[in-house]
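Reviewing the structure listed below.
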Amino acid sequence: MTNPNPQSGSPDKEPASEAQAAQNALGNTERAEVATEPDRSAAKPGPEPEPKPSLGRFFLDNLWAANTFTVTLLSLVLAIVVGAVLMIISDPDVLSTYSYITSRPSDAINSSWTLVSEAYANLFKGSIFDPEAFSGWLDGANGWQAVLAPISETLTYAAPLVFTGLSVALAFRGGLFNIGAQGQATIGVIMAALAGFLLPLPPGLHLLVAVLAGALGGAIWGFIPGILKARAGAHEVINTIMLNYVATYFLTWLIVQNGVQDPNRTDAISKAVDTSAQLPRLLGDNLRVHAGILLAVLATWAVAWLLNRSTLGFELRAVGANPDAARTAGISVTRTYILIMVFAGILAGLGGSNMVLGSTASALTPLVVAQIGFDGILVALLGRVKPWGVLLAALLFGALQAGGNRMQSYSGISLELVTVLQALIVIFIAAPALVKAIFQLRAARAARLQTSLAKGW
Amino acid sequence: MEPGEIHALLGENGAGKSTLMNVLYGLYQPDEGEILVDGKPLKLKGPSDAIGAGIGMVHQHFMLVPVFTVTENIMLGAEQIRGGIAGFLDRRRARREVTEVSERYNLRVDPDAVIEDLPVGIQQRVEIVKALTRDVDLLILDEPTAVLTPQETEELLTVMRSLKAAGKSIVFITHKLGEVKAIADRITVIRRGKTVGTASPEASRDELAALMVGRNVRLTVDKTPATPGDPVLEVSGLVVDDDRQIRAVDGVDLTVRAGEVLGVAGVQGNGQTELIEAIMGLRPALAGTISLAGDRINGWKPKKVLRAGVGYVPEDRSVDGLIKEFSVAENLVLDIYDRPPFGAGLALKPDAIAASAKERIEQFDVRTSSADAAVGTLSGGNQQKVIVARELSRPLKLFIAAQPTRGVDVGSIEFIHSQVIRERDIGTAVLVVSSELDEVIGLADRIAVMYRGRIIGIVGPDTPREEIGLLMAGISPDEAHDAVAAPAADKPGAATAADKPAAADGGPASDAGPASEDEA
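So the sequences go chain by chain: X and A. In this text, residue positions in the first sequence follow our numbering: the first is 692, and each later residue adds one. In this text, residue positions in the second sequence follow our numbering: the first is 569, and each later residue adds one.
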């Protein structure tokens, strides 16, 4: 629709640099950004030394340059615009005003504007801040919980996505494409739930054991493709996809077994996790936000430290960027591959345990994991495979989910639109040339725009 | 450029030679200035314009599809089509053209051979034929000899002469002075993007080198005679396979002593790579023993070998030596990141890494904008210096340098050579593998010549080039000796050197036949 084609021709112009970009895609993104500023100033001192630009000037210059931040932001804008068009098309009443747009254009414009602005306003109110609840709290009409409810929902949806996003991002940095976060989360959720209702343990310890059980489950499910890759050279993409199926159907089978299924029910649902194994709620029982989000921030910090400040992370990044050189430098590539997948599995497994130990659900059902594993891939890409970027991306996705619920009930816009928005954002981010062309961005010299997708296959 | 002229473009790495030629070939757009062909200015929007204007280019890294045949590769981009709209490829016609062109210029290629089965020299020939089938008048050869063996280089020079005779002009980009002098009609020297001089091929090597780097350089390596100590590396009966499970090293015996440089000469692909990879633990040894200062190191992991005090400069720096995306500082600790002071337990010490990087950059004269710049942004010579700095910055027993100066500019070569000799003088055993005979002769105290997976002879550094050249071609030591008819005075030196590892002599001797056995 709003997708002009000429951009597709642009990669042909400089095939060499594109290939180069693809090669550097992993691990380089971070440096590219960091290097932007020193590089520009360092490369410049040519014959005529330019006057040093002020900070404000520098900011403005870079704002419209095609750096990763600008492109990410503009991808969001584009996705919102395309989403608006979809809303208009899918609403028969609004669409009908377009049949007489030449005679009364105001009808079409007004009705479209009302529809779209209300929908996005509800998206915002449902995910971040609802002014009505705030004024209601001032008037005493509702409690403070209502003010924080949107944020609480956003954080609840974001927490598991942080874990699965980190799982995918970590593997990416090590040169592996972990499609298996879904399966790892599924095994994680199973182990966490089993530990949650089978083990009679005191509060606190019970929670700890349940969380660790989830991590262990994920670790096992990551170890399998890891060792297959390291020892047999089997491609991790294929194996993780297949293991996703195994995990999903194992869950479906397990739920209806004796001792697992809720004895009072005939449908596929397990016993509920003991309260002693549930993650504590942070803002009282009326708000769903739970300690999972704190664990998620902790995990983000841990992954960032692991990647950038540890010997293991050094090995991991080295193997991801150039396995041959890593091997020559004495790093065991096979061992690193296994470790990467185990770590990725642990993270995804923790994401899974969030789904059953938190407030989202307290018992296993066939759909208990939702799509967190697959959404994790998108989150990792949106976050540019950097830990703190993943955290922000997960918050955005969480906000879209939370706001989407309100948008559906208040504006009658289907929740699926949120999924479409998420997909569009990632598509635009994966095609930076498209965004650059649409907005006529200047090419930032050092900040090479690359898609994280380029490697891993 | 005039018709029928070979014009050499000489310059250090990063001097701007390749960029200039890419502009000529339409890959890059000029910011200023214009290109004149037959007196008319030329606007090139892409390589197809350049080909239309009669300019063809053979890139340093070949642009061939490995799984296609020679004919298919040559057709690519200018496919002949028959059958009108149905668009069948006219392979027969293309094949005929290939045969015709290759006969006309005496460039023998098999039109039906698959590219990946061909040796590098022939692949290059395919590239040249490809350019010629497009009817070009001006052929740009971008560092064509960088990947060739001495024999292949010789053949290439012959080809260039015959092209010249046929009236084609050639731009020959290189930084090897010998080739320039051998073939060029006119030499333009480029430094830092500017033409700094034109020279005739009669100019001496030293003059040309001085023009290239902007100051006088020594091409010979200054060194005092070696004072060999105890054996550090002892290899005996080593057998190693290459990636295709073909025997690459077939019973090699070698000894490298502390404080000496053993040079391994040989045409590339005679097992040198595999020999070194086996020593480093990167490739399994199928038979034989490798020992380092008395310890048997067969089957050790690369990390353990490195830790035992072995420094290693791999032959392909961009594949095995460096991680281009990593910063200079990170590459400087690539194999010691987990040792104090750079790593403690699981944690890295960024401050220690940065401090050490600063020191190394200064000490080894690495030209980089900062220690945080990605190593891929450095020129080839500086990248190589990063590797050398990394490997020489810890105490070593043995230093292995494979092709230490391949694709490196003259200034850096000088520096790297002096560092190698410095390491020898502090008592490290040094093993240098190079396909540049000059380099081996310049650096080595003893020269082992490798041919088809065996050490065919070990000679002193004073041995005439021609004799070593014959050894490299597989002529056994005695025949080589006789063929060159070297004075008898030279012989004892060679003989004693070859005697030392007695078994080493056994290998090639049995190969050479009874005649040489009698002599032994």
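For every residue, glycine included, the Cβ atom is placed at its ideal position computed from N, Cα and C.
DSSP beta-bridge partners of residue i
i       : result
A:H575  : A:V739, A:R754
A:F967  : A:G879, A:V998
X:H1172 : This structure cannot speak to residue 1172 of chain X, because chain X is shown only from 692 to 1148.
A:P609  : A:L604
X:S1001 : A:A915
X:S961  : X:Q952
X:V902  : None, per the DSSP bridge assignment.
A:D863  : A:L860
A:S895  : A:A942
X:Y789  : Per DSSP, none; premise fails for X:Y789.
A:Y1019 : A:R1022
Continuous alpha helix (DSSP H) stretch holding residue i: start and end
i       : result
X:F825  : 822-830
X:S766  : 759-781
X:S946  : Reading off the sequence shown, one finds Ile at residue 946 of chain X, where the question assumed Ser. Counting along the chain, the alpha helix (DSSP H) containing X:I946 begins and ends at 927-946.
A:M1094 : Because chain A in this structure spans residues 569 to 1088, residue 1094 of chain A falls outside the shown range and cannot be described.
A:R661  : 659-672
X:R1097 : 1078-1097
A:R693  : 688-701
A:K953  : 948-960
X:K1127 : 1123-1130
X:R1026 : 1024-1048
Buried or exposed (CB count within 10 angstroms, at least 16 for buried), residue i
i       : result
X:Q1131 : exposed
A:I574  : buried
X:W944  : exposed
A:D790  : exposed
X:Q952  : buried
A:R825  : buried
X:T763  : buried
X:P851  : buried
A:V1008 : buried
X:K1146 : For X:K1146, the pLDDT reaches just 41, beneath the cut-off of 50, and the residue's location in the model is therefore unreliable, although a value from the coordinates is still provided. Buried.
A:G746  : exposed
A:P852  : exposed
Under 8 Å between C-beta atoms of residue i and residue j
i       : j       : result
X:L1108 : X:G774  : yes
A:E842  : A:T823  : no
X:G871  : X:L934  : yes
A:I755  : A:M625  : no
A:E695  : A:L644  : no
X:A1016 : A:I891  : yes
X:L1106 : X:G1095 : yes
A:G831  : A:Q840  : no
A:V896  : A:V934  : yes
X:T1019 : A:L946  : no
Beta strand (DSSP E) segment containing residue i, residue limits
i       : result
A:R1022 : 1022-1027
X:S808  : Taken as a continuous stretch (DSSP letters only), X:S808 belongs to no beta strand (DSSP E), being part of the alpha helix (DSSP H) at 796-818.
X:G834  : Looking at the DSSP string, X:G834 is not in any beta strand (DSSP E), and its letter there is neither H nor E.
A:G819  : 815-825
A:V829  : 829-833
A:A767  : 762-767
X:T1019 : Per DSSP, X:T1019 belongs to no beta strand (DSSP E); it is in the alpha helix (DSSP H), 1014-1019.
A:I858  : 855-860
A:G805  : 799-809
A:V626  : 623-626
A:L709  : 706-710
A:I683  : Looking at the DSSP string, A:I683 is not in any beta strand (DSSP E), and its letter there is neither H nor E.
Proximity test, Cβ basis, 8 Å: residue i and chain C
i      : result
A:E893 : No chain C is present in this structure, whose protein chains are X and A.
Next item on the list: Check whether the stretch 879-890 of chain X touches the stretch 1042-1058 of chain X, counting contact only when three or more Cβ pairs, one atom from each stretch, lie closer than 8 Å.
Entry: yes
Check: Per the contact definition of three or more C-beta pairs closer than 8 Å, is the stretch 659-666 of chain A in contact with the stretch 634-642 of chain A?
Finding: yes
Checklist line | Cβ contact (3+ pairs, closer than 8 Å) linking the stretch 973-985 of chain A and the stretch 952-961 of chain A | finding: yes
Notebook entry, point to check: Are the stretch 1051-1058 of chain X and the stretch 895-913 of chain A touching, with three or more C-beta to C-beta distances below 8 Å?
Noted result: no
Note to self: Does the structure place the stretch 605-625 of chain A close enough to the stretch 695-709 of chain A that three or more beta carbon pairs sit under 8 Å?
What the structure shows: yes
Next item on the list: Flag this pair as touching only if the stretch 983-999 of chain A and the stretch 954-968 of chain A have three or more C-beta atom pairs under 8 Å; answer yes or no.
Entry: yes
Checklist line | the stretch 912-921 of chain X contacting the stretch 1026-1033 of chain X, beta-carbon criterion three pairs below 8 Å | finding: yes
Margin query: Quick check: the stretch 813-825 of chain X against the stretch 837-847 of chain X, are at least 3 beta-carbon pairs closer than 8 Å?
Written below: yes
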